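**Q**
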Amino acid sequence: MSATQQALAVGRATAAHRPRRSTWFGGLHGADYAWAIAFALPYIAIFFAFVLYPICYGVYLGSDPALYRDLFADPRYLTAVVNTLLYVGIGVNVKMFLAFLLSGFFMRKSWWTKSLLVVFILPWATPALPAYISIHWFLNGQWGMLNNVLYLLFGIDGPVYLNDRWLGLAGNIGAYIWKTLPFWTIILLAGRMAVPTELYEAAEVDGATGLRRFAHITVPMMASLYLVCTLLDMVFALGDFNATFFVSGGGPAMSTEVLATLGIRYAFTVALPRLGVAAVMSALPLLIPLVIMLMRRLRMSEGQL
Amino acid sequence: MSATFPGRRMHSRRFYRVQRRFGEAAAMLFGLVLLVWSITPIYNMWMIALDSHDAIFSGTVWPDSPTLESFRVVITEDFWYLENFWHQFGNSFIVGLSVTFLTLLIGSLASFTVGRLRLRHGWLLTNAALMTYVIPASFLAIPIYRIMQIYGLQNQLSSVILALTTFATPYAIFIFSQYGKSIPMELDESARIDGANPLQIYVRIYLPLMAPALVAVGTYALLLAWNEYLYNFLLLSTPQSMTVAVALAQFLNSDESPWNYMMATAIIYALPPIILYYGFRRYMAAGLTMGGVKG
């Protein structure tokens, strides 16, 4: 559910600013101020102990320039960078586009699309770990279900998917799309439902039909929400550990690793935590612009707080 | 649909009926594809779980002799990987419920301070939460692992509880601030005039009125904690401290793992969140529109 509210709130960030007003008739005083501080303290403590301190510690661990020389000398790292870019670029954009189309499909008001939606949510409701393990097994070249079905239907022997870098990567991306598609479809569906019907009625009066209504009403009304969802999911995909770790396991020969899994692999399999931190930190040039854009967009919706 | 619009080339009514039928059939076909896409991995999970161990490698799409044997093995802990299954199940529950409770408590207190008491520089707190929300948790895993050792919390459930609360609370603060705007400030003011202190307002006015948001965020936190893997795996490594997610992934360590036991474990592990999700779907849907209604 994570992104829903933000995304939706941003979708309609046009609300008029109400004048700021203080509850306690002119600011906090004495005991009230103490209460306010006391209420804020638990979060401040958590933030310092488990966000700020780890960030500083991570920066300290990954501050040695020599680490980055080692990193760039490692071919597995360069492979992981390419994989990460493909994973985020394809996994997010293909999925968001599909989710956008599917949200239109689920706007149909027949009984069977409503029931289908309930089943369609199942991948999202299923925890990542069992789902990805099942997909790992499904793709097994010798006795996985996919090749069994291919053999039964067409009499062909499918490839050993997870023994090939590109097929393995495609499997990871496909699994990530499978898992998260329902979530984003529902967000975009809610966004579509929030488009005022008056707009469509007015367009109808003006004689706009199917494609034109789509291009001149649906697309502009949804653009902002679509953008926020895409940015947010890029951050999620960049940090996604489970799909790669459980579907392809990073193999064959670490050729399908992404930065999130490679960092953990360096730190805990090879026992080089500093190199692991450096691998993760090298994603910052991609992460920081995303974070800045997102924080701006998400904060807009809090303007009247 | 287009039949109702003037200005397009006129066709006979019959043509439109055929066209609509065709459209409906195409949509149904598409729906069927979507159905197969959605349930295939789930079906695969059941198929392996229902298979007997020797028959898995026979390459069928439906097990020859479906059996619930593997579920019996998991439930009675009748395999050495599963010796502590129910204990680990309990661990997962403890982690899930603690994360939910702490997230709701810390998140609501913080958003009460920022949104209702209007603490000066409260925006700093909101921004800190927002920043935490958009930093991928897996990127902080290595330093947090080391820091938990420094705090002396390794192999204790509290380490996972604290780490996951950290990642769930920002979302809670965001939703609570959004939802809180729908509660009129006049309520706080009149309670204030009647002599209530902030704690009383928080307990008697704020929390009851926030109930829908609390349910939505609580469900989110519980699912996040139950489904999380990476932190569970890094911070808990003894059989006694493990949660189900870690125990489940242990099956992958060995090539000769009994896959049907593993899948039965996976299904039992997946059931609580699925039931929770479908049970609270309405509330989650309410949470979905919450932000939108507030605007």
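Protein chains in written order, with the numbering used here: chain A, 638 to 942; chain B, 1473 to 1767. The beta-carbon is built from N, C-alpha and C at its ideal position, and this holds for glycine as well. This structure is a prediction, so every number in the text was calculated from the model and none was measured.
1. Can you name the start and end residues of the alpha helix (DSSP H) that A/D870 belongs to?
2. Under a Cβ-count criterion, where at least 16 other Cβ atoms within 10 Å of its own Cβ denotes burial, should B/T1691 be classed as buried or exposed?
3. Which of the three DSSP states is assigned to B/S1768 in this structure?
4. Throw me the rounded Cβ distance for the B/F1543 and B/A1736 pair, which I believe falls under 8 Å.
5. Would you list, in sequence order, the uninterrupted alpha helix (DSSP H) runs of no fewer than 4 residues that lie entirely inside the region 1519 to 1586 of chain B?
6. Where B/S1506 and A/F757 are concerned, what is the direct C-alpha to C-alpha distance, given to the nearest angstrom?
7. From the DSSP output, in three-state form, read off B/K1653 for me.
8. DSSP three-state label for A/R657, please.
9. According to DSSP, simplified to helix, strand and coil, what is B/F1752?
10. Go through the region 1607 to 1642 of chain B residue by residue and report every complete run of the alpha helix (DSSP H) that reaches 4 residues or more, in order.
11. Considering only residues of the region 723 to 760 of chain A, which uninterrupted alpha helix (DSSP H) runs meet the minimum length of 4 residues and lie entirely inside it, listed in chain order?
12. Write down the C-beta distance between B/L1686 and B/L1577 rounded to the nearest angstrom, noting that I regard them as a contact closer than 8 Å.
13. So B/N1627 and B/S1537 are supposed to be a Cβ contact under 8 Å. How far apart are they, rounded?
14. Using only alpha-carbon positions, find the residue among B/A1498, B/A1644, B/A1719, B/V1508 that is nearest to B/P1684.
15. On the DSSP letters alone, give me the boundaries of the alpha helix (DSSP H) that A/G695 sits inside.
16. Return the CA-CA distance between B/G1624 and B/Y1617, expressed in angstroms with no decimal places.
17. Give the single residue among B/Y1553, B/A1738, B/L1708 whose Cα lies nearest to the Cα of B/A1620.
18. Starting from A/M782, follow the alpha helix (DSSP H) in both directions and report where the run begins and ends.
19. Between the alpha carbons of A/S771 and A/T898, how many angstroms are there, rounded?
20. Over the uninterrupted alpha helix (DSSP H) stretch that includes B/N1725, give me the two end residues.
21. Check B/R1592 in the structure and name its three-state DSSP category.
22. Quick check on the DSSP output: the alpha helix (DSSP H) that includes B/I1699 runs from which residue to which?
23. Of all the residues that make up the region 769 to 783 of chain A, which are near chain B by a beta-carbon distance shorter than 7 Å?
24. Select from A/L678, A/A677, A/L698 the residue whose C-alpha is nearest the C-alpha of A/L909.
25. Hey, is the region 1695 to 1702 of chain B in contact with the region 1730 to 1745 of chain B, meaning 3+ C-beta pairs nearer than 8 Å?
26. Hey, A/W821 and A/C866: beta-carbon distance below 8 Å or not?
27. Helix, strand or coil for B/L1671 per DSSP?
28. Count Cβ pairs between the region 725 to 739 of chain A and the region 860 to 877 of chain A that sit closer than 8 Å; are there 3 or more?
29. Would you say A/L942 faces chain B, with C-beta separation under 8 Å as the test?
30. Whose C-beta lies closer than 7 Å to the C-beta of B/I1677 among residues of the same chain, with five residues either side of it excluded?
31. Mind checking the region 910 to 926 of chain A against chain B and listing, in chain order, the residues whose C-beta falls within less than 8 Å of any C-beta there?
32. For B/M1734, count neighbouring C-beta atoms within 10 Å of its own C-beta (all shown protein chains included) and say buried if the count is 16 or more, exposed if not.
33. At the level of alpha carbons, what is the spacing between A/Y724 and A/L806?
34. What's the call for A/E894, buried or exposed, on a 16-neighbour Cβ count within 10 Å?
35. Using a Cβ cut-off of 9 Å, which residues of the region 1604 to 1619 of chain B contact any Cβ in chain A, in chain order?
36. Determine the contact status of B/P1711 and B/N1516, defining contact as a CB-CB distance below 8 Å.
**A** Working from what's here:
1. By 1-based counting over the first sequence, the position of residue 870 of chain A is 233. That run of the alpha helix (DSSP H) goes 856 to 875.
2. Locating residue 1691 of chain B in the second sequence gives position 219, counting from the first residue. Buried.
3. Nothing in the structure corresponds to residue 1768 of chain B, since chain B is present only between 1473 and 1767.
4. To locate residue 1543 of chain B, count along the second sequence from 1; it is residue 71. To locate residue 1736 of chain B, count along the second sequence from 1; it is residue 264. Rounded to whole angstroms, the Cβ separation of B/F1543 and B/A1736 is 5 Å, and the two are in contact under 8 Å.
5. Listed in chain order, they are 1541 to 1547, 1557 to 1583.
6. As a first step, residue 1506 of chain B must be located in the second sequence, where it is residue number 34. As a first step, residue 757 of chain A must be located in the first sequence, where it is residue number 120. Residue identity differs from the one stated: residue 1506 of chain B is Leu in this sequence, not Ser. Cα-Cα distance, rounded: 7 Å.
7. On the second sequence, residue 1653 of chain B is found 181 positions in, with the first residue counted as 1. B/K1653 falls in the coil class under three-state DSSP.
8. Taking the first sequence and counting its residues from 1, one reaches residue 657 of chain A at position 20. Low local confidence applies: a pLDDT of 49 at A/R657 is under 50, so the model's placement there is unreliable, with the coordinate-based value given in what follows. Note: A/R657 maps to coil in three-state DSSP.
9. Your numbering for residue 1752 of chain B matches position 280 in the second sequence. The three-state reading of DSSP puts B/F1752 in coil, since its state is none of H, G, I, E or B.
10. If we require 4 residues or more, the alpha helix (DSSP H) runs fully inside the region 1607 to 1642 of chain B come out as 1613 to 1622.
11. Note on the region 723 to 760 of chain A: whole alpha helix (DSSP H) runs with a minimum of 4 residues are 748 to 757, in chain order.
12. Against the second sequence, residue 1686 of chain B aligns to sequence position 214. Against the second sequence, residue 1577 of chain B aligns to sequence position 105. About 10 Å separates the two Cβ atoms, so there is no contact after all.
13. Position 155 of the second sequence, counting from 1, holds the residue named residue 1627 of chain B. Position 65 of the second sequence, counting from 1, holds the residue named residue 1537 of chain B. Not really, about 42 Å apart at Cβ, beyond 8 Å.
14. In the second sequence, counting from the first residue as 1, residue 1684 of chain B sits at position 212. Ranked by how close their Cα comes to the Cα of B/P1684, the residues B/A1498, B/A1644, B/A1719, B/V1508 have B/A1644 in first place.
15. In the first sequence, the residue the question calls residue 695 of chain A occupies position 58. Annotation: the continuous alpha helix (DSSP H) that includes A/G695 extends over 690 to 698.
16. By 1-based counting over the second sequence, the position of residue 1624 of chain B is 152. By 1-based counting over the second sequence, the position of residue 1617 of chain B is 145. Each residue's alpha carbon lies about 11 Å from the other.
17. As a working note, residue 1620 of chain B is residue 148 in the second sequence. A small fix is needed here, since residue 1620 of chain B is Met in this sequence, not Ala. Closest by alpha carbon: B/L1708.
18. Position 145 of the first sequence holds residue 782 of chain A. It spans 782 to 791 - the alpha helix (DSSP H) in which A/M782 sits, taken as one unbroken run.
19. The residue labelled residue 771 of chain A in the question sits at position 134 within the first sequence. The residue labelled residue 898 of chain A in the question sits at position 261 within the first sequence. Taking the straight line from one Cα to the other gives about 19 Å.
20. Your numbering for residue 1725 of chain B matches position 253 in the second sequence. For B/N1725, no alpha helix (DSSP H) encloses it, and the DSSP letter there is neither H nor E.
21. Numbered from its first residue, the second sequence carries residue 1592 of chain B at position 120. The answer is coil: DSSP assigns B/R1592 none of H, G, I, E or B.
22. For the purposes of this step, residue 1699 of chain B is identified with residue 227 of the second sequence, where counting begins at 1. According to the sequence provided, residue 1699 of chain B is Asn. The question's Ile does not apply to it. Element bounds for B/N1699: 1683 to 1699.
23. Within the region 769 to 783 of chain A, the residues whose Cβ lies closer than 7 Å to some Cβ of chain B are I770, S771, I772, W774, F775, W780, M782, listed in chain order.
24. For the purposes of this step, residue 909 of chain A is taken as the residue at position 272 of the first sequence. Here the closest residue by C-alpha is A/L698.
25. The region 1695 to 1702 of chain B, when compared against the region 1730 to 1745 of chain B, does touch it at the 8 Å Cβ threshold.
26. As a first step, residue 821 of chain A must be located in the first sequence, where it is residue number 184. As a first step, residue 866 of chain A must be located in the first sequence, where it is residue number 229. In contact: A/W821 and A/C866 (Cβ atoms closer than 8 Å).
27. In the second sequence, residue 1671 of chain B corresponds to position 199, counting from 1. Helix at B/L1671.
28. Three or more Cβ pairs closer than 8 Å define a contact, and the region 725 to 739 of chain A meets that threshold against the region 860 to 877 of chain A.
29. By one-based count along the first sequence, residue 942 of chain A stands at place 305. For A/L942, the predicted structure reports a pLDDT of 26, less than 50, and the residue's modelled location is therefore unreliable. The matter cannot be settled from this model.
30. As a first step, residue 1677 of chain B is located in the second sequence; it is residue number 205 there, counting from the start. Excluding its 5 nearest sequence neighbours in each direction, B/I1677 has C-beta neighbours in its own chain below 7 Å: L1659, D1660, A1663, listed in chain order.
31. Within the region 910 to 926 of chain A, the qualifying residues are P910, G913, V914, V917, A920, L924.
32. The residue given as residue 1734 of chain B occupies position 262 in the second sequence. Buried is the call here.
33. Your numbering for residue 724 of chain A matches position 87 in the first sequence. Your numbering for residue 806 of chain A matches position 169 in the first sequence. Distance between the alpha carbons of A/Y724 and A/L806 is about 8 Å.
34. Against the first sequence, residue 894 of chain A aligns to sequence position 257. By the 10 Å Cβ count, A/E894 comes out buried.
35. Flagged, chain order: T1604, Y1605, V1606, I1607, P1608, A1609, S1610, F1611, L1612, A1613, I1614, P1615, I1616, Y1617, R1618, I1619.
36. On the second sequence, residue 1711 of chain B is found 239 positions in, with the first residue counted as 1. On the second sequence, residue 1516 of chain B is found 44 positions in, with the first residue counted as 1. Cβ atoms of B/P1711 and B/N1516: not closer than 8 Å.
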